[in-house]
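According to our numbering, the sequence shown is numbered sequentially starting from 20. Every residue, glycine too, gets a C-beta built ideally from N, C-alpha and C. Given the structure is predicted, the values throughout are model-derived calculations rather than measurements.
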Amino acid sequence: MEDKRNLRKERIGVVTSNKMEKSIVVAEVKRVKHPMYGKFVLKTKKYVAHDEKNDCKEGDTVKIMETRPMSKTKCWRLVEILERAK
Numbered sequence: 020m021e022d023k024r025n026l027r028k029e030r031i032g033v034v035t036s037n038k039m040e041k042s043i044v045v046a047e048v049k050r051v052k053h054p055m056y057g058k059f060v061l062k063t064k065k066y067v068a069h070d071e072k073n074d075c076k077e078g079d080t081v082k083i084m085e086t087r088p089m090s091k092t093k094c095w096r097l098v099e100i101l102e103r104a105k
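Here it is, written out as structure tokens:
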């Protein structure tokens with residue numbers, strides 16, 4: 020049973036919105052090489068995560084983990100705040 024918990028996906032991103040109650044929007048930015056031209060392009064993916072204590076602010080760098088669906092769009096939860104916004 021412990022092996023399955025370790026297979027959950029984890030992402031690191033920046034909080035872009037904390038206007039909801041106990042929810043945050045986290046943006047993960049990746050640098051991907053364009054297949055034809057070779058230029059590096061920034062790709063952004065947004066995740067809605069559960070923040071139980073409501074203590075994240077915009078600009079914080081956080082780690083989120085995959086979890087059971089909590090609503091239509093929310094299936095991630097906050098693990099820890101890595102760095103506070105300056």
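Chain-order list of residues whose beta-carbon lies under 6 Å from that of residue i (same chain, five-residue window excluded)
i, result
"Ile-31", "Lys-82"
"Asn-73", "Lys-41"
Option in the options with minimal Cα separation from residue i
i, options, result
"Lys-49", "Val-60, Ile-43, Val-34 and Val-98", "Val-60"
"Asp-79", "Glu-40, Glu-99, Lys-58 and Pro-88", "Glu-99"
"Arg-96", "Ile-43, Leu-26 and Val-33", "Ile-43"
Cut-off 7 Å between Cβ atoms - residues of its own chain near residue i, not counting five sequence neighbours on either side
i, result
"Glu-71", "Lys-41"
Buried versus exposed, by CB contacts within 10 Å (16 or more), residue i
i, result
"Val-51", "exposed"
"Lys-64", "exposed"
Cβ-Cβ distance between residue i and residue j below 8 Å
i, j, result
"Glu-102", "Ser-36", "no"
"Ala-68", "Val-33", "no"
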